[in-house]
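Residue numbers (this note's numbering): 5 to 203. Here is the structure we will look at, set down as structure tokens.
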Amino acid sequence: MSYAIFLVIALLLQNARVHAADPDIVTDFTVPAGVNVSSLDGYFFTSTVLRHVPILNGTAATVTPVNFKVFPALEGLGVSFAMLQYPPQTLNALHLHPRGSELLYIVQGVLDVGLIDSTNKLFTQTLHEGDLFVFPKGLAHYQINWDMQQTVKAVAGFSSSNPGLIRLPANLFKSGVSDEVLEKSFGVSADTVKNLKGF
Numbered sequence: 005m006s007y008a009i010f011l012v013i014a015l016l017l018q019n020a021r022v023h024a025a026d027p028d029i030v031t032d033f034t035v036p037a038g039v040n041v042s043s044l045d046g047y048f049f050t051s052t053v054l055r056h057v058p059i060l061n062g063t064a065a066t067v068t069p070v071n072f073k074v075f076p077a078l079e080g081l082g083v084s085f086a087m088l089q090y091p092p093q094t095l096n097a098l099h100l101h102p103r104g105s106e107l108l109y110i111v112q113g114v115l116d117v118g119l120i121d122s123t124n125k126l127f128t129q130t131l132h133e134g135d136l137f138v139f140p141k142g143l144a145h146y147q148i149n150w151d152m153q154q155t156v157k158a159v160a161g162f163s164s165s166n167p168g169l170i171r172l173p174a175n176l177f178k179s180g181v182s183d184e185v186l187e188k189s190f191g192v193s194a195d196t197v198k199n200l201k202g203f
């Protein structure tokens with residue numbers, strides 16, 4: 005009898021599906037609380053967030069997100085967007101988006117990218133203007149501009165109105181995980197962990 009129950013449970017679990025994505029909405033679009041739908045016009049579906057984004061120079065890539073927090077019309081639609089700028093010799097450090105895939109389009113310049121799959125295989129590519137590269141949801145990835153003079157500009161679309169962002173260096177070394185756990189996890193010395201925490 006217990007074998008039969010186990011078999012039934014195993015078959016049910018095999019057919020069970022888990023969906024970790026934006027929920028489907030049951031209306032054409034989501035109206036913010038307190039707003040009358042009859043008062044909406046085309047401006048509701050328009051974002052001007054990226055009109056006057058300054059070109060920044062610095063030591064790291066800059067990301068200007070366009071998600072439901074700054075563009076309420078995106079709420080529930082399962083999409084978001086970002087503009088990325090990579091000054092010369094800058095990196096968008098290893099990170100992942102737990103709730104959405106990313107489609108990166110190179111507007112200007114040449115950018116090296118890499119992603120690591122769940123088998124720890126690294127996929128790298130050099131992207132040129134007009135190229136697209138997809139980073140599947142939840143996989144660690146990075147982008148780097150090796151050029152000494154030119155800023156790279158790119159835009160990214162996401163398959164979620166809130167794809168999330170986990171920056172791995174900060175997540176691992178600035179989250180309060182004990183030095184001992186980090187030492188054992190990475191097989192490194194206490195001095196190495198201290199140096200990594202100080203980046």
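By construction, the Cβ of each residue, glycine as well, lies at the ideal position given by its N, Cα and C atoms. Just so we're clear, the structure is a prediction, and the values are computed from it rather than from any experiment.
- Less than 8 Å divides the Cβ of Arg-103 from the Cβ of Lys-141.
- Per the Cβ contact rule, the stretch 170 to 186 is not in contact with the stretch 115 to 129 (fewer than 3 Cβ pairs under 8 Å).
- Counting along the chain, Glu-133 sits inside no alpha helix (DSSP H), nor does DSSP assign it H or E at all.
- Secondary structure of Gly-168 (DSSP, three-state): coil.
- The beta carbons of Leu-115 and Val-156 sit closer together than 8 Å.
- Between Ile-110 and His-132, the beta carbon gap of about 6 Å places them in contact (Cβ cut-off 8 Å).
- When rounded, the separation of the alpha-carbon atoms in Asp-45 and Phe-190 is 54 Å.
- The Cβ atoms of Leu-136 and Leu-100 lie no closer than 8 Å to each other.
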